[in-house]
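**Student:**
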Amino acid sequence: MRRLDDASEEEIFAAVTEDFVYFGPKAREVQSWVLQRWDNEEFSRGGHTGLFPPNVWTQFGPALTKPVGGVYFAGTEVSSYWAGFMEGAVIAGEAAAKQALESL
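Note that the UniProt record's numbering has the sequence shown beginning at 1, numbered continuously upward.
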């Protein structure tokens, strides 16, 4: 998105919908759309997920996935592989489910 950082909403719409022609001419007939500028959001600052700075995962990783009572934590942020992606969320979810089952 960097090439569109300074673009207007209209310019971004044109750039995005230009690619829709691949799916046929009707695909460009957009009914509605929302532009979310994540890079301007106070808490996300452009990222769709939080990634830890160096050494946080190696020092505190086990604590982040340690259950508290009967609550098990999972999510892309605590995945040992593919952190920040859907694959990471699935891996972390499966690991938490395995932990929960083993505790029964």
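Every residue, glycine too, gets a C-beta built ideally from N, C-alpha and C. Computed from a predicted structure; not experimentally measured.
#1: Quick check on serine 79: buried or exposed, where buried means 16 or more other Cβ atoms within 10 Å of its Cβ?
#2: Which residue's Cα is closest to the Cα of tyrosine 81: Gly61, Gly69 and Glu29?
#3: Mind pulling the alpha helix (DSSP H) runs of 4 or more residues that sit fully within the UniProt domain "Amine oxidase" (2–100)?
#4: In whole angstroms, give me the CA-to-CA distance for alanine 63 and threonine 76.
**Tutor:** The relevant details are as follows:
#1: Against the sequence shown, residue 79 aligns to sequence position 79. Within 10 angstroms of the beta-carbon of serine 79 lie 16 or more other beta-carbons, which makes it buried.
#2: Within the sequence shown, the letter at position 81 stands for residue 81. When each option's Cα is compared against that of tyrosine 81, the closest is Gly61.
#3: Counting only runs of 4 or more, we get 9–18 and 56–64.
#4: By one-based count along the sequence shown, residue 63 stands at place 63. By one-based count along the sequence shown, residue 76 stands at place 76. Going by the C-alpha atoms only, they are around 15 Å apart.
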